[in-house]
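Presented below is the structure to which this report refers.
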Amino acid sequence: MANILIVEDERAIADLLAMNLQAVGHGCTVTMTGKAAVTAAKEQGFDLMLLDIMLPDMEGFAVAERVRDVPIIFLTARGADADKIRGFGLGADDYITKPFSVSELLLRVQAVLRRTHREDKSYTLGPLSVRFDAHEVTLDGERVELTSQEFALLRTLIENRNVCLSRQRLLSEAWGMDFVGESRTVDVHIQKLRHKLRLEDAIQTVYKSGYRFVDKP
Amino acid sequence: MKLWQKTYALSALLCTLILYGCMFLVTAPAMSAAVSSTREAACREEKAIAAALQKLLSEVPQGRQGPMAASFLENYRHTGLRFLTKREEQTAYDTLPFSLQLLPGRQGLLRRQGRLYVFVSDRLPSGFELVYLQEAEALSSLLRGQLLTAALTGTAVALMMALALYVLLYRLNLPMSRLAHELRTPLTIMQGYGETLRDARLTPEQAHLAADYIAAEAQRLSRVADSLLTLHSPGEESAAMGIVDIEALCAHLQITFPELRCRVNWATAFGDEALLSTLLSNLIKNALAAAPKGSPVELLAEPNRITVTDHGRGLTKREFRYVNHPKRLRRLHREGGIGVPLCHAIAAAHGAKLTYERGEDGGTVAVLTFTTP
Chain A
1 MANILIVEDE RAIADLLAMN LQAVGHGCTV TMTGKAAVTA AKEQGFDLML LDIMLPDMEG
61 FAVAERVRDV PIIFLTARGA DADKIRGFGL GADDYITKPF SVSELLLRVQ AVLRRTHRED
121 KSYTLGPLSV RFDAHEVTLD GERVELTSQE FALLRTLIEN RNVCLSRQRL LSEAWGMDFV
181 GESRTVDVHI QKLRHKLRLE DAIQTVYKSG YRFVDKP
Chain B
1001 MKLWQKTYAL SALLCTLILY GCMFLVTAPA MSAAVSSTRE AACREEKAIA AALQKLLSEV
1061 PQGRQGPMAA SFLENYRHTG LRFLTKREEQ TAYDTLPFSL QLLPGRQGLL RRQGRLYVFV
1121 SDRLPSGFEL VYLQEAEALS SLLRGQLLTA ALTGTAVALM MALALYVLLY RLNLPMSRLA
1181 HELRTPLTIM QGYGETLRDA RLTPEQAHLA ADYIAAEAQR LSRVADSLLT LHSPGEESAA
1241 MGIVDIEALC AHLQITFPEL RCRVNWATAF GDEALLSTLL SNLIKNALAA APKGSPVELL
1301 AEPNRITVTD HGRGLTKREF RYVNHPKRLR RLHREGGIGV PLCHAIAAAH GAKLTYERGE
1361 DGGTVAVLTF TTP
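Heads up: the sequence lines are chains A and B, in that order.
The opening residue of the first sequence carries number 1 in the working numbering; numbering runs sequentially from there.
The opening residue of the second sequence carries number 1001 in the working numbering; numbering runs sequentially from there.
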């Protein structure tokens, strides 16, 4: 679980980000001004900062200059190349313009956490234990053999837990963007995971949408 | 360069070219007529002089014609006229200021040594060739004057047109650029919560909050779009002026901003509810951003006066200079966002004035004073 600092002065957007990040298992702290963000970053350690550029007391760029050791994803309505260049020049790890897709944002958050080696190394749900770095899955202490594809699919579901993923999204995430295959491939592998890991209740089918890994009651 | 600026540059260039073309078309006939008139006058004068010279030459023996011609033409030296006369390559008289070789029967204008001349060449029955040359100073001045007038007039009109076009395109683009920017926030919220409701597993409270946000932002989107477009339409009044329930407006603001404390001693006002809501929301947001955490923001509504007070650090002298002068605000605030400039514009649309004052404890008080009851 990553500890993420959200710096956004629009309350509705801040709540939106927190709601979705917490759904997939991250911890969130919300600040609405640049100064509060700088203070929070100094007092606590964060794995990632989602930083709006247009803040009431200072620009997000100024915050980025003061907070140097936290990966940053800029969120902004300003999509001009000059702003992007400036943001990346200040060491930003990604830059996303509003309006954005929440699923895309979650994807980018995960990508930055992975790139900066701050992603979860393991996951536990009841008798199930997964170690991502070792590609190891145990159930009730017994090791369960999964194919690399099954493991990739399991990892994708866990990293996006409590959020519905379409078959297409699962294909692109677990199989790779250039995979040309039917979405039934996903259905087959989901069945295997459910059977091997006793996840019939945890991996839910969402009618007309896809699948969702649920770890909350 | 933004698209509207490119459009402006292209349009201004095209208009300028068309304008200069039109100026030329208008000026050219007058210039042409002046040139023709000068040439015709020169031809008439040359014909008269040639006829007189021919009559004189016919009365003298051939051997004496040359000196007689020279003597005759010398009489015209003081008039500024210049002549060349020769027969069979023998020059009898030459007062031309420069060498000139012409076939008989030609006439026209030429420019030599920075001066304009009109010339006529002729052949007399006596066999003499005569070249008549006159400096066309008056014509030269006239043509210069006409060209200069056309150029100056064209340039002045082009500049005025360019300025008017720039202002028009700027005003047309301004609401669009501000609208585009201001739309991004509600669109982000609506898209985000829509996707969240569809994809995420939410508690009933979270789902309700998401639906509330979508509904609120959809309404705000509609109001902002209508208000901005209406506000910037030249010559058009705000579309929804009417009786505004100030108590209801403040109650709605209190829901949106839980940290706000309202005191309402004003029942109704005449105005555009959506615009007033946008104005007060902007003032409250700015106050909340300036206020320390936990410090209240107060809205007081009295007859013809609404104040929004925060207890923050207050504005600096420089900031006070700018926020009370809407036209200077661009230098203070970042581009993007509507904020204080729109607040001033909405206030003006209601016949009201927005000013900022220093609070008793150093905070800031935004004062909206309605001058039109």
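Ideal Cβ placement from N, Cα and C applies to all residues, glycine included.
On a predicted model such as this, the values are computed, not experimentally measured, just so you know.
Proximity below 8 Å, CB of Gln1062/B to CB of Pro1125/B: In the second sequence, counting from the first residue as 1, residue 1062/B sits at position 62. In the second sequence, counting from the first residue as 1, residue 1125/B sits at position 125. For Gln1062/B and Pro1125/B, no; Cβs fall outside 8 Å.
Along chain A, in chain order, which residues have C-beta atoms closer than 8 Å to that of Ile1189/B? The residue you call residue 1189/B lines up with position 189 of the second sequence. Chain A residues near Ile1189/B: Glu10, Ala12, Ile13, Leu16.
Would you give the residue range spanned by the beta strand (DSSP E) that Ala1352/B belongs to? On the second sequence, position 352 is the one that residue 1352/B refers to. Looking at the DSSP string, the run of the beta strand (DSSP E) that includes Ala1352/B is 1352-1358.
At the 8 Å Cβ level, is Ser101/A part of the contact set with chain B, yes or no? Taking the first sequence and counting its residues from 1, the one referred to as residue 101/A is at position 101. Yes, Ser101/A counts as interfacial toward chain B.
Check whether the Cβ atoms of Leu996/B and Leu1100/B lie closer than 8 Å to each other. Lying before the first or after the last residue shown, residue 996/B is absent from chain B, which here runs from 1001 to 1373.
Looking only at C-alpha atoms, which of Ile203/A, Asp15/A, Thr33/A, Met54/A sits nearest to Val102/A? Reading the first sequence from its first residue, position 102 is the one you call residue 102/A. Selected option, being the one with the closest Cα: Asp15/A.
Just how far apart, CA to CA, sit Phe1257/B and Cys1015/B? For the purposes of this step, residue 1257/B is identified with residue 257 of the second sequence, where counting begins at 1. For the purposes of this step, residue 1015/B is identified with residue 15 of the second sequence, where counting begins at 1. For Phe1257/B and Cys1015/B, the distance between alpha carbons rounds to 51 Å.
Between the C-alpha atoms of Arg1044/B and Ser1037/B, what's the straight-line distance to the nearest angstrom? Stepping through the second sequence from its first residue, residue 1044/B is reached at position 44. Stepping through the second sequence from its first residue, residue 1037/B is reached at position 37. Looking at the two C-alpha atoms, the distance is approximately 11 Å.
Could you name the residues of chain B that Arg212/A contacts, counting a contact when the two beta carbons are closer than 9 Å? Indexing the first sequence from 1 puts residue 212/A at position 212. Chain B residues near Arg212/A: Asp1199, Ala1200, Arg1201.
What does a CB cutoff of less than 8 Å around Gln149/A pick up in its chain, not counting 5 residues either side in sequence? Residue numbering aside, residue 149/A sits at position 149 when the first sequence is read from its first letter. Answer for Gln149/A: Ala174, Trp175, His189, listed in chain order.
Closer than 8 Å, CB to CB, is Gln1206/B near chain A or not? Locating residue 1206/B in the second sequence gives position 206, counting from the first residue. When Cβ-Cβ separations below 8 Å define contact, Gln1206/B makes contact with chain A.
For Asn3/A, the first and last residue of its enclosing beta strand (DSSP E): On the first sequence, residue 3/A is found 3 positions in, with the first residue counted as 1. It spans 3-7 - the beta strand (DSSP E) in which Asn3/A sits, taken as one unbroken run.
Might you give, ordered along the chain, the residues of its own chain that have their beta carbon closer than 8 Å to the beta carbon of Leu1276/B, omitting 5 neighbours on each side? Translated into positions along the second sequence, residue 1276/B becomes position 276. The answer, listed in chain order, is Val1244, Leu1249, Ala1269, Ile1346, His1350.
If distances are taken between C-alpha atoms only, which option among Gly1362/B, Pro1341/B, Gly1363/B, Glu1360/B comes closest to Leu1354/B? Counting from one through the second sequence, the residue named residue 1354/B turns up at place 354. Out of Gly1362/B, Pro1341/B, Gly1363/B, Glu1360/B, Pro1341/B has the C-alpha closest to the C-alpha of Leu1354/B.
So Glu104/A is in the alpha helix (DSSP H); what residue range does that whole segment cover? Along the first sequence, read from residue 1 onward, the residue named residue 104/A stands at position 104. Unbroken alpha helix (DSSP H) run through Glu104/A: 102-115.
Closer than 7 Å by C-beta to Glu1247/B: which residues in its own chain qualify, once you throw out the five before and the five after it? Chain order, please. Counting from one through the second sequence, the residue named residue 1247/B turns up at place 247. Cβ within range, chain order: Val1264, Ala1267.
For Ala1050/B, report the span of its alpha helix (DSSP H) as first-last. Translated into the one-based positions of the second sequence, residue 1050/B becomes position 50. Counting along the chain, the alpha helix (DSSP H) containing Ala1050/B begins and ends at 1003-1057.
At least 3 beta-carbon pairs within less than 8 Å: the region 73-91 of chain A vs the region 131-147 of chain A: no
List the residues of chain B whose Cβ lies closer than 8 Å to the Cβ of Thr33/A, in chain order. One-based indexing of the first sequence puts residue 33/A at position 33. Simply Ala1289.
Of all the options Lys196/A, Thr39/A, Ser172/A, Leu17/A, which has the alpha carbon lying nearest to the alpha carbon of Pro127/A? Taking the first sequence and counting its residues from 1, the one referred to as residue 127/A is at position 127. The shortest C-alpha separation from Pro127/A is found at Lys196/A.
Report, in whole angstroms, the separation of the C-beta atoms of Asp52/A and Val7/A, which I expect to be a contact under 8 Å. Looking up residue 52/A in the first sequence gives position 52. Looking up residue 7/A in the first sequence gives position 7. The Cβ separation is near 6 Å, so the contact holds.
For Gly1362/B, go through chain A and note every residue whose CB falls closer than 9 Å to its CB, in chain order. Numbered from its first residue, the second sequence carries residue 1362/B at position 362. Chain A residues near Gly1362/B: none, gap ~17 Å exceeds 9 Å.
Is it true that the CB of Val67/A sits closer than 8 Å to the CB of Val38/A? For the purposes of this step, residue 38/A is taken as the residue at position 38 of the first sequence. For the purposes of this step, residue 67/A is taken as the residue at position 67 of the first sequence. Yes, Cβ-Cβ distance for Val38/A and Val67/A is below 8 Å.
Arg1184/B: contacting residues in chain A (beta-carbon distance under 7 Å): Mapped onto the second sequence, residue 1184/B falls at position 184. Within 7 Å Cβ-Cβ: Ala77, Lys98, Pro99.
How many whole angstroms separate the CB atoms of Gly27/A and Met1/A, which I take to be in contact at a CB cut-off of 8 Å? Within the first sequence, the letter at position 27 stands for residue 27/A. Within the first sequence, the letter at position 1 stands for residue 1/A. At roughly 6 Å, the Cβ-Cβ gap stays under 8 Å, so Gly27/A and Met1/A are in contact.
Under the three-state reduction of DSSP, which class applies to Val63/A: helix, strand or coil? Along the first sequence, read from residue 1 onward, the residue named residue 63/A stands at position 63. If DSSP states are grouped into helix, strand and coil, Val63/A belongs with the helices.
So Val1120/B packs on Ala1042/B, CB below 8 Å; how close in whole Å? As a first step, residue 1120/B is located in the second sequence; it is residue number 120 there, counting from the start. As a first step, residue 1042/B is located in the second sequence; it is residue number 42 there, counting from the start. That belief holds up - the Cβ atoms of Val1120/B and Ala1042/B are roughly 6 Å apart, short of 8 Å.
Residues of its chain near Arg1220/B, where Cβ-Cβ distance is below 6 Å and the 5 sequence neighbours each way are ignored: What you label residue 1220/B is simply residue 220 of the second sequence in a count that begins at 1. Once the five neighbours on either side are set aside, the close Cβ partners of Arg1220/B are Pro1186.
Quick one: does Tyr1193/B have its CB under 8 Å from some CB of chain A? Position 193 of the second sequence, counted from the start, is the residue given in the question as residue 1193/B. Yes, contact with chain A.
Residues of the region 149-171 of chain A whose Cβ lies closer than 7 Å to any Cβ of chain B, in chain order: For the region 149-171 of chain A, the residues whose beta carbon sits under 7 Å from a beta carbon of chain B are, in order, Asn162, Val163, Cys164.
Could you compute how far the alpha carbon of Pro1067/B sits from the alpha carbon of Arg1082/B? Translated into positions along the second sequence, residue 1067/B becomes position 67. Translated into positions along the second sequence, residue 1082/B becomes position 82. Rounded to the nearest angstrom, the two C-alpha atoms are 17 Å apart.
Is it buried or exposed, Gly1235/B, if we count other Cβ atoms within 10 angstroms and call 16 or more buried? Start at 1 with the first residue of the second sequence, and residue 1235/B comes out as number 235. At Gly1235/B the pLDDT is 40, less than 50, meaning the model places this residue with poor confidence and gives no usable figure here.
Given a threshold of 16 other Cβ atoms within 10 Å of its Cβ, counted over all protein chains shown, does Thr1188/B qualify as buried or as exposed? Reading the second sequence from its first residue, position 188 is the one you call residue 1188/B. It counts as buried.
Give me the residue from Thr1155/B, Ala1366/B, Gly1114/B, Gly1154/B with the minimum Cα distance to Ser1140/B. The residue given as residue 1140/B occupies position 140 in the second sequence. For Ser1140/B, the nearest C-alpha among the options comes from Gly1114/B.
Could you name the residues of the same chain whose beta carbon sits closer than 6 Å to that of Leu1133/B, not counting the 5 residues immediately before and after it, in chain order? Locating residue 1133/B in the second sequence gives position 133, counting from the first residue. Only Arg1082, Leu1096, Tyr1117, Phe1119 meet the Cβ criterion.
Spatial neighbours of Leu1019/B within its chain, please: CB distance less than 8 Å, with the 5 preceding and 5 following residues excluded, ordered by chain position. On the second sequence, residue 1019/B is found 19 positions in, with the first residue counted as 1. Hits under 8 Å: Gly1154, Val1157, Ala1158, Met1161.
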